[in-house]
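Trainee: So the sequence lines, in the order shown, correspond to chains A and B. The first sequence begins at 3 in my numbering and counts up one residue at a time. The second sequence begins at 3 in my numbering and counts up one residue at a time. Glycine residues also receive a C-beta, built at the ideal position from the N, C-alpha and C atoms. Please read all numbers here as calculations on a predicted model, not as lab measurements. The structure under discussion is supplied below as structure tokens; questions concerning it will follow.
Number of protein chains: 2
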Amino acid sequence: MIVVLTGGTGGAKFVDGLRRLLPAEELTIIVNTGDDHEWWGLYVSPDVDSIVYVLADLLSSERGWGVRGDTFHCLQAMKELGEEAWFSVGDRDLATHLLRTQLLSRGQTLSEATSYIAEKLDVRSRILPMSDMRVETRIDTPAGDLSFEEYFVKRWYQDPVNSVRFSGASEAEPAPGVVDAIASAQAVLIAPSNPVTSIGPILAVPGVREALQTTPAKVVAVSPIIGSAAVSGPAANLMTAQGLPVSIAGIAKAYEDFLDILIADDSDSAAARDINIGGVTVHCTDIMMRDTEDKRRIARAALALACPEILSEPAAEFR
Amino acid sequence: MIVVLTGGTGGAKFVDGLRRLLPAEELTIIVNTGDDHEWWGLYVSPDVDSIVYVLADLLSSERGWGVRGDTFHCLQAMKELGEEAWFSVGDRDLATHLLRTQLLSRGQTLSEATSYIAEKLDVRSRILPMSDMRVETRIDTPAGDLSFEEYFVKRWYQDPVNSVRFSGASEAEPAPGVVDAIASAQAVLIAPSNPVTSIGPILAVPGVREALQTTPAKVVAVSPIIGSAAVSGPAANLMTAQGLPVSIAGIAKAYEDFLDILIADDSDSAAARDINIGGVTVHCTDIMMRDTEDKRRIARAALALACPEILSEPAAEFR
């Protein structure tokens with residue numbers, strides 16, 4: 003079993019590459035839920051949805067979130083009714099939120115609701131929310147204490163960031179299967195996701211970091227940073243706020259207690275030679291995911307470093 | 003103030019005629035909520051919505067319900083997720099249900115939520131749900147005890163009907179303003195709605211029938227029956243189940259304790275002469291509402307009989 007920790011659009015792209023290389027049943031995805039929020043009275047889990055959609059081959063690759071070809075008529079009607087409309091929910095996407103909200107209100111856990119929805123969409127990989135308990139990423143800014151979606155979507159990550167915290171994390175437990183999946187994995191891959199607000203919440207759930215430290219599997223991360231900038235999104239500001247250098251060294255430092263191999267961009271090969279953090283080895287390649295071929299190539303690079311035997315198996319191409 | 007009791011598609015058509023003849027502020031609509039039901043976890047009030055939409059000039063005149071030009075992408079996605087999809091909720095329509103559900107969950111009454119939504123859509127007439135308490139129309143059939151929407155929409159009103167009851171009615175109270183509106187009206191109009199399941203639930207709310215009996219205003223109904231058949235929908239079977247003849251005599255009988263004038267179709271003029279129920283006078287005209295001009299004409303006929311002075315006022319055409 004290959005286990006991936008992920009969140010955000012970069013993570014979904016990486017998973018899109020992996021699903022093309024591995025049998026669905028050999029993939030377990032542990033997903034950030036720190037961005038989850040209530041919207042129009044519905045429970046929305048943006049990173050879980052992106053992973054469900056990418057594995058169901060429904061994700062909009064243009065937007066990087068939501069359902070391909072979706073319309074936004076309900077959103078427009080909500081705007082006309084005077085409701086908040088800064089979080090774009092598509093009409094097809096809305097069905098997922100409506101169904102999840104109902105399942106949760108009937109007493110299902112987030113894990114159970116996620117499995118139910120994934121199964122209905124013929125997803126055969128395992129998708130595990132990091133926790134069934136509420137862990138909320140909060141961004142402290144001069145404009146106030148914001149939820150991640152307020153900071154990221156509503157305010158376009160323009161606010162200076164004082165600090166980031168994961169409200170509820172200390173009392174949370176990993177969702178069923180999370181720790182076992184890491185402990186028994188053939189390889190653990192950390193997607194090129196924001197280390198603070200996509201991977202950070204997963205690591206903040208008690209027990210996850212320890213599982214990563216003790217798993218016999220290799221832990222391989224793909225850097226979301228090239229040079230001194232994030233490939234996309236607010237990772238740079240958030241890393242700075244957390245005291246991490248905005249560089250591949252910062253990524254290595256964020257994961258130093260469990261990381262074996264960091265895959266960085268070719269353009270960072272000089273920086274890679276200077277890294278001397280824990281037992282981390284840096285491997286350089288072209289890490290920009292522009293198209294499907296890139297996603298597949300980078301997923302293959304990660305698998306080749308983490309678990310080369312899986313790629314030597316027959317029929318290692320699925321789409 | 004002109005007060006209308008209504009439910010169903012015939013009622014919405016009649017209100018569409020009235021809004022073209024009267025200043026919005028002079029119209030109060032008392033609406034059936036016996037069809038209200040939970041759908042995908044949302045509180046849906048079909049007859050209230052139809053009246054909000056018709057007054058906001060948003061109602062689909064092709065379908066007679068929902069929003070003109072609406073799409074059904076969320077419904078399709080729900081179907082693909084394996085959820086029930088027999089109740090057609092459009093994507094724009096969904097915004098109304100989402101907003102109402104949120105307003106109710108924040109403690110607003112149905113009246114308050116209705117006023118809020120109507121105001122956001124620039125509706126200036128008063129829309130009063132019959133009650134803020136739950137009164138549920140239940141249809142007893144050989145296939146079981148069905149909600150109105152199950153009987154009407156899901157099962158295409160094909161089941162024989164044993165009886166109809168209004169669950170919760172005896173403990174319900176009229177919504178604020180309902181009794182006062184009837185008591186102080188210049189005229190009360192009963193729309194050409196199903197007398198059993200559209201007007202019946204309103205009359206089942208304690209106090210409404212008494213208000214109609216005692217109001218000094220004329221009470222004028224437009225028949226939903228022509229000959230021995232309903233203009234549309236399941237009224238015939240439902241009237242039979244309630245012991246009412248399927249004819250204009252049955253309509254007169256349903257309303258005999260408060261009705262002054264029944265407007266029936268020209269084709270029923272012979273039957274009209276035989277009616278000798280309470281103090282009911284029957285007036286015949288062409289009552290089929292095929293287009294806007296028909297709706298306006300029939301609304302005008304009702305107003306001319308109930309309250310002719312309102313039509314002699316200047317600027318009596320609004321669209």
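1. When the Cα atoms are used, what is the spatial distance from aspartate 288 of chain A to alanine 301 of chain A?
2. Is DSSP giving threonine 35 of chain B helix, strand or coil here?
3. I'd like to know whether the C-beta atoms of alanine 193 of chain A and leucine 7 of chain A end up nearer to each other than 8 Å.
4. Any idea what DSSP makes of valine 207 of chain A, helix, strand or coil?
5. First and last residue of the alpha helix (DSSP H) that includes glycine 252 of chain A?
6. Compute the Euclidean distance between the alpha carbons of alanine 79 of chain A and glutamate 258 of chain A, then round it to the nearest angstrom.
7. Give me the subset of the segment 114–130 of chain B whose CB atoms are less than 8 Å from a CB atom of chain A, sorted by chain position.
8. Put leucine 240 of chain B into one of helix, strand or coil per three-state DSSP.
9. So within the segment 123–197 of chain B, which uninterrupted beta strand (DSSP E) runs reach at least 3 residues, ignoring any that extend past its ends?
10. From B:Ala183, B:Pro176, B:Ile253, pick the residue whose C-alpha is nearest to that of valine 198 of chain B; which is it?
11. Going by other Cβ atoms of all chains shown within 10 Å of its Cβ, with 16 needed for buried, is aspartate 293 of chain A buried or exposed?
12. Using only the alpha-carbon positions, how far apart do leucine 191 of chain B and alanine 303 of chain B sit?
13. Nearest to histidine 285 of chain A by alpha carbon, out of A:Ala223, A:Trp41, A:Ser113?
14. With 16 as the cutoff for other CB atoms within 10 Å, does arginine 65 of chain A come out buried or exposed?
15. Among A:Arg102, A:Gln244, A:Ala97, which has the Cα closest to the Cα of serine 165 of chain A?
16. Could you tell me which whole alpha helix (DSSP H) segments of length 4 or greater appear in the segment 73–119 of chain A?
17. Could you check if threonine 35 of chain A is buried or exposed, using at least 16 other CB atoms within 10 Å of its CB as the buried criterion?
18. Could you check how far apart the C-beta atoms of cysteine 76 of chain A and arginine 94 of chain B are, in whole angstroms? I think they sit under 8 Å.
19. Using the three-state DSSP reduction, which class does isoleucine 53 of chain B fall into: helix, strand or coil?
20. Roughly how many angstroms lie between the CA atoms of methionine 291 of chain B and serine 90 of chain B, to the nearest whole one?
21. In this structure, how does DSSP classify valine 282 of chain A when only helix, strand and coil are distinguished?
22. What span of residues does the alpha helix (DSSP H) with valine 69 of chain A cover, start to end?
23. Have a look at B:Ser225, B:Val248, B:Leu24 and flag the residue whose alpha-carbon is nearest the alpha-carbon of leucine 57 of chain B.
24. Compare the Cα-Cα distances from isoleucine 250 of chain B to each of B:Ile263, B:Val282, B:Ile228 and report the closest residue.
25. Are aspartate 72 of chain A and glycine 92 of chain A closer than 8 Å when you measure CB to CB?
26. Output needed for aspartate 18 of chain A: all residues of its chain with C-beta closer than 6 Å, excluding positions within five of it in sequence on either side, in chain order.
27. When DSSP builds the beta bridges, which residues end up paired with threonine 287 of chain A?
28. Just to confirm, are isoleucine 119 of chain B and valine 46 of chain B a CB contact at a threshold of 8 Å?
29. On the CB-based measure, 16 or more other CB atoms within 10 Å of its CB, does aspartate 59 of chain A come out buried or exposed?
30. Taking just the CA atoms, how far does serine 230 of chain A sit from isoleucine 265 of chain A?
31. So valine 33 of chain B and valine 5 of chain B are supposed to be a Cβ contact under 8 Å. How far apart are they, rounded?
32. Tell me which residues of the segment 29–59 of chain A have at least one Cβ-Cβ distance to chain B shorter than 8 Å, keeping chain order.
33. In this structure, how does DSSP classify lysine 15 of chain A when only helix, strand and coil are distinguished?
34. Quick check on isoleucine 227 of chain A: does DSSP put it in helix, strand or coil?
35. Can the beta-carbon of alanine 308 of chain B be found closer than 8 Å to that of lysine 220 of chain B?
36. Between B:Ala189, B:Gln104, B:Ser172, B:Gln160, which has its C-alpha nearest proline 310 of chain B's C-alpha?
Mentor: In terms of the structure at hand:
1. 12 Å
2. coil
3. yes
4. coil
5. 250–256
6. 48 Å
7. Ile119, Lys122, Leu123
8. helix
9. 128–131, 138–143, 146–149, 165–169, 189–192
10. B:Ile253
11. exposed
12. 11 Å
13. A:Ala223
14. exposed
15. A:Gln244
16. 75–82, 93–107
17. buried
18. 6 Å
19. helix
20. 24 Å
21. coil
22. Per DSSP, valine 69 of chain A belongs to no alpha helix (DSSP H) and is neither H nor E.
23. B:Leu24
24. B:Ile228
25. yes
26. Val56, Lys297
27. A:Asp267
28. no
29. exposed
30. 15 Å
31. Not confirmed; about 11 Å, so no contact.
32. Trp42, Gly43, Leu44
33. helix
34. strand
35. yes
36. B:Ala189
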